[in-house]
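What follows is a short report on a single structure.
There are 2 protein chains.
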Amino acid sequence: MSLAGESDLSSEEKPVSQVRRAVALLREMITTNKLLPGSNHLESELAKMLRMSRTPVHEAAILLESQGLVEVVPRRGVRILPLSADDMEEIYAILTELESLAAYTLARDGLSPDQLRTLRSHIQEMEAALAKEDRQAWARADDLFHRDLVAMGRNRRLTAIVSTYWDQVQRARLLTLFMRPLPHASNADHRALVDAIAEGDAEQARAIHREHRLKAKRMMVELIARHGLTAV
Amino acid sequence: MSLAGESDLSSEEKPVSQVRRAVALLREMITTNKLLPGSNHLESELAKMLRMSRTPVHEAAILLESQGLVEVVPRRGVRILPLSADDMEEIYAILTELESLAAYTLARDGLSPDQLRTLRSHIQEMEAALAKEDRQAWARADDLFHRDLVAMGRNRRLTAIVSTYWDQVQRARLLTLFMRPLPHASNADHRALVDAIAEGDAEQARAIHREHRLKAKRMMVELIARHGLTAV
DNA sequence: GTATGCGTTAATGAATGCATTGTCAATGGC
DNA sequence: GCCATTGACAATGCATTCATTAACGCATAC
């Protein structure tokens, strides 16, 4: 599930500085709920945890703050930002738009047989996982499918943005993974999407992906409301 | 022209730390071409320039690197990233999609008379500037028009993204401002857009804005190519 | 004359130290 | 008894310091 996949625009091949390590590790700990939303953590504690001095932790915190993952509160430590239903709406609106654009572009410009194979293999994995009712495996494959799809669009900035925000809803997805019905319909969407892309039907691909995300958002917001979670 | 408008998601009301000053000032110097694209600047030089120590400059550089404005090269200093035609395509694709979404949302949800007045006043300013052939004034008003439009969408994350990338093409816009014909057509677009929003015609608003950005992108890329600029 | 290697120089990444400032608690006054 | 004010403490922001490492220049050898 994207182990802190260095999605930044600036991730070419730099030697791993402590700051980069800190950013990656913190992001990972946040998306996997090792650091709970709403909790505060002193920079010195985090530094000890990551076996480095306060400086790189501080710098990583500043960077993650600019991405909306945490808030650096002067004498209270680094606060892991919870996502409200409103935040979720904001993020899904962005993801919907940009991922749909990626789908459109892919269909318009065409994919290599290799790339189509990759996408379809993710779908098959999802179906296998579904058959075994292995939700975690399904989520992993779903994650890969969408990340690969966007990445194939070859817009590095767009990929970076989507990756950033995808990371942020990851937490909520993990939470709702076992509350939702098995995602059979979702997989039908995936098939239809790849077919549309393969046929070069750009408008159709865009529409399918948009609808797909809209459904996901509705379910997410509804589940969170139903279970009385005001934020995650 | 948005004097380093603190567009980050994290900009609520924090006391101005040196890091924030550094980010704002550097961004400002970059977008106004005080620091030329492609040039390198030692952190110590920048620190002296900004009257602070290296630490906050370093931290600001890391943040700006994650936003794609600069590159921190270990022993060569902070490099101001030039934008190639490809980069411009990437950025415009994102801006087109997200700004059109904002227009759609505004039209769907409706604007207050006050907000409509604000937008129209920007348009009037543009027309006044156009009459005097004052390109700088036109650009300023155009900038404000689009920023306000997006901000009225009340999606803070979307606003932040658009602001970030808008900053990045600012340089190219300044450069081409005197190479392009006077933007009469552009203003017609603006009027049509606000009318569509006022009438609540969401699809129309989205389409107009999309077309508006597409035209802008084409002109930009063409001008840059015609003048033999491979990057700005 | 050119290329390669070594040494010096200098710039960044990270650690540490210090001062500022907000928080929390205790004490005193009303 | 409660609220306010003051003082001590603690955590961050930034400066300073240190070490690492790459770049550049010069010398030497081919």
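Quick mapping for you: the protein sequence lines, in order, are chains A and B.
Quick note on numbering: my numbering labels position 180 of the first sequence as 180, and the sequence is numbered without any gaps.
Quick note on numbering: my numbering labels position 163 of the second sequence as 1163, and the sequence is numbered without any gaps.
Beta carbons are placed, not taken as given, at the ideal position from N, Cα and C, and that holds for glycine.
| request: For B/GLU1071, name the three-state secondary structure that DSSP assigns. | output: On the second sequence, position 71 is the one that residue 1071 of chain B refers to. It is a strand residue.
| query | B/ARG1157 and A/ILE94: beta carbons closer than 8 angstroms? | reply | Counting from 1 along the second sequence, the entry for residue 1157 of chain B is found at position 157. Counting from 1 along the first sequence, the entry for residue 94 of chain A is found at position 94. Yes.
| field | Minimum Cβ-Cβ distance from B/GLU1127 to chain A less than 8 angstroms | value | On the second sequence, position 127 is the one that residue 1127 of chain B refers to. So no, B/GLU1127 is outside the interface.
| message | Can you check whether the C-beta of B/GLU1097 is within less than 8 angstroms of a C-beta belonging to chain A? | response | Within the second sequence, the letter at position 97 stands for residue 1097 of chain B. B/GLU1097 counts as touching chain A.
| query | What does B/ASN1040 pair with, by DSSP beta-bridge criteria? | reply | Numbered from 1 along the second sequence, position 40 holds the residue referred to as residue 1040 of chain B. B/ARG1079, per the DSSP bridge assignment.
| request: Identify which residue in B/LEU1182, B/ARG1173, B/MET1220, B/HIS1122 has its Cα closest to the Cα of B/ALA1141. | output: The sequence position of residue 1141 of chain B within the second sequence is 141, counting from 1. Among B/LEU1182, B/ARG1173, B/MET1220, B/HIS1122, the Cα nearest to that of B/ALA1141 is on B/HIS1122.
| Given 8 angstroms as the limit, is there contact between the stretch 1082-1102 of chain B and the stretch 1047-1058 of chain B, that is, 3 or more CB pairs closer than that? | no
| request: Measure the alpha-carbon distance for B/ALA1139 versus B/ALA1160 and round it to whole angstroms. | output: Looking up residue 1139 of chain B in the second sequence gives position 139. Looking up residue 1160 of chain B in the second sequence gives position 160. One C-alpha to the other measures close to 20 angstroms.
| query | Where does A/SER186 fall in DSSP's three states? | reply | In the first sequence, residue 186 of chain A corresponds to position 186, counting from 1. Residue state, collapsed to three classes: helix.
| task | Leaving out five residues on either side along the sequence, give the residues of the same chain with a beta carbon under 6 angstroms from the beta carbon of B/VAL1072. | result | One-based indexing of the second sequence puts residue 1072 of chain B at position 72. These residues qualify, in order along the chain: ALA1061, GLU1065, VAL1078.
| field | DSSP-derived helix/strand/coil call for A/SER100 | value | Residue numbering aside, residue 100 of chain A sits at position 100 when the first sequence is read from its first letter. Reduced to three states, the DSSP call for A/SER100 is helix.
| request: Give the residues of chain B in contact with A/ALA205, contact being defined as C-beta atoms less than 8 angstroms apart. | output: Mapped onto the first sequence, residue 205 of chain A falls at position 205. Neighbours of A/ALA205 on chain B: none; closest Cβ ~14 angstroms, over 8 angstroms.
| Which one of B/GLN1204, B/ASN1187, B/LEU1193, B/ILE1208 has the shortest CA to CA distance from B/GLU1125? | The sequence position of residue 1125 of chain B within the second sequence is 125, counting from 1. Checking every option, the nearest Cα to that of B/GLU1125 belongs to B/ASN1187.
| Under the rule that 16 or more other beta-carbon atoms within 10 Å means buried, what is A/MET88, buried or exposed? | Counting from 1 along the first sequence, the entry for residue 88 of chain A is found at position 88. When all chains shown are included, A/MET88 counts as buried.
| message | Which residues in chain A have a C-beta closer than 7 angstroms to the C-beta of B/ARG1157? List them in chain order. | response | Start at 1 with the first residue of the second sequence, and residue 1157 of chain B comes out as number 157. Neighbours of B/ARG1157 on chain A, chain order: GLY68, GLU90, ILE91, ILE94.
| said: For a test of the three-state rule: what should DSSP assign to A/SER84, helix, strand or coil? | reply: The residue you call residue 84 of chain A lines up with position 84 of the first sequence. Correct three-state label for A/SER84: strand.
| request: Ignore the nearest five residues each way along the sequence and tell me which others in A/VAL169's own chain have a CB closer than 8 angstroms to its CB. | output: On the first sequence, position 169 is the one that residue 169 of chain A refers to. Excluding residues within five positions, the ones whose Cβ falls inside 8 angstroms are LEU83, MET88, ILE91, TYR92, LEU95, MET220.
| query | Are the C-beta of A/LEU36 and some C-beta of chain B separated by less than 8 angstroms? | reply | Here residue 36 of chain A refers to the residue found at position 36 of the first sequence. Cβ-Cβ to chain B under 8 angstroms: no for A/LEU36.
| Which term fits B/PHE1233, buried or exposed, when burial requires 16 or more other beta carbons within 10 angstroms of its beta carbon? | This structure gives no information on residue 1233 of chain B, because the portion of chain B shown stretches from 1001 to 1232.
| task | Quick one: using the 10 Å Cβ neighbour count with 16 as the cut-off for buried, is A/HIS209 buried or exposed? | result | As a first step, residue 209 of chain A is located in the first sequence; it is residue number 209 there, counting from the start. It counts as buried.
| task | Out of A/VAL16, A/PRO15, A/LEU193, A/LEU175, state which residue places its alpha-carbon closest to the alpha-carbon of A/ARG120. | result | Start at 1 with the first residue of the first sequence, and residue 120 of chain A comes out as number 120. Cα-wise, what sits closest to A/ARG120 is A/LEU193.
| Chain-order list of residues whose beta-carbon lies under 6 angstroms from that of B/ARG1108 (same chain, five-residue window excluded) | Position 108 of the second sequence, counting from 1, holds the residue named residue 1108 of chain B. Excluding residues within five positions, the ones whose Cβ falls inside 6 angstroms are ALA1202.
| field | Within-8 angstroms CB hit, A/ILE62 to chain B | value | In the first sequence, counting from the first residue as 1, residue 62 of chain A sits at position 62. So, interface residue.
| field | Closer than 8 angstroms to chain B by CB, A/ILE197 | value | What you label residue 197 of chain A is simply residue 197 of the first sequence in a count that begins at 1. A/ILE197 does not count as touching chain B.
| How big is the Cα-Cα spacing for A/LEU111 and A/LEU69? | Sequence index remark: in the first sequence, residue 111 of chain A carries index 111 (1-based). Sequence index remark: in the first sequence, residue 69 of chain A carries index 69 (1-based). Answer to the nearest angstrom: the Cα atoms are 34 angstroms apart.
| Residue nearest to A/PRO15 in terms of C-alpha spacing, selected from B/THR1032, B/ARG1075, B/ARG1173, B/LYS1034 | Sequence index remark: in the first sequence, residue 15 of chain A carries index 15 (1-based). Looking at the Cα atoms, B/ARG1075 is the closest of the given residues.
| field | Proximity test, Cβ basis, 8 angstroms: A/GLU214 and chain B | value | As a working mapping, residue 214 of chain A is identified with position 214 in the first sequence. Reading off the sequence, residue 214 of chain A comes out as Leu, not Glu. No, A/LEU214 does not count as interfacial toward chain B.
| message | What does the alpha-carbon distance come out to for the pair B/ALA990 and B/ALA1196? | response | The displayed coordinates of chain B run from 1001 to 1232. Any statement about residue 990 of chain B would go beyond what the structure contains.
| query | Should A/LEU149 be flagged as near chain B, meaning a C-beta pair shorter than 8 angstroms? | reply | The residue you call residue 149 of chain A lines up with position 149 of the first sequence. No, because no Cβ of chain B sits closer than 8 angstroms to the Cβ of A/LEU149.
| message | Report the CB separation of A/ALA185 from A/ILE224 in whole angstroms; it is logged as a contact under 8 angstroms. | response | Locating residue 185 of chain A in the first sequence gives position 185, counting from the first residue. Locating residue 224 of chain A in the first sequence gives position 224, counting from the first residue. The pair is not a contact, with the Cβ atoms about 19 angstroms apart (cut-off 8 angstroms).
| field | Amino acids of chain B, ordered along the chain, whose beta-carbon sits closer than 7 angstroms to that of A/GLU59 | value | Sequence index remark: in the first sequence, residue 59 of chain A carries index 59 (1-based). The contacting residues are GLU1059, ILE1062.
| field | Cα-Cα separation between A/ALA103 and A/GLU43, rounded to whole angstroms | value | Numbered from 1 along the first sequence, position 103 holds the residue referred to as residue 103 of chain A. Numbered from 1 along the first sequence, position 43 holds the residue referred to as residue 43 of chain A. Going from the Cα of A/ALA103 to the Cα of A/GLU43 covers about 41 angstroms.
| message | Which same chain residues end up closer than 6 angstroms to A/ALA137 when comparing Cβ atoms and leaving out the 5 residues on each side of it in sequence? | response | For the purposes of this step, residue 137 of chain A is taken as the residue at position 137 of the first sequence. ALA129.
| query | What's the C-alpha gap between A/ALA216 and B/LEU1174? | reply | Within the first sequence, the letter at position 216 stands for residue 216 of chain A. Within the second sequence, the letter at position 174 stands for residue 1174 of chain B. Approximately 41 angstroms, taken between the alpha carbons.
| Alpha-carbon spacing of B/GLN1115 relative to A/GLU127, whole angstroms | Counting from 1 along the second sequence, the entry for residue 1115 of chain B is found at position 115. Counting from 1 along the first sequence, the entry for residue 127 of chain A is found at position 127. So the alpha carbons of these two residues sit roughly 49 angstroms apart.
| message | As a quick exercise: from B/THR1032, B/ALA1024, B/GLN1018, pick the residue whose alpha carbon is nearest that of B/SER1053. | response | For this step, residue 1053 of chain B is matched to residue 53 along the second sequence. Among B/THR1032, B/ALA1024, B/GLN1018, the Cα nearest to that of B/SER1053 belongs to B/GLN1018.
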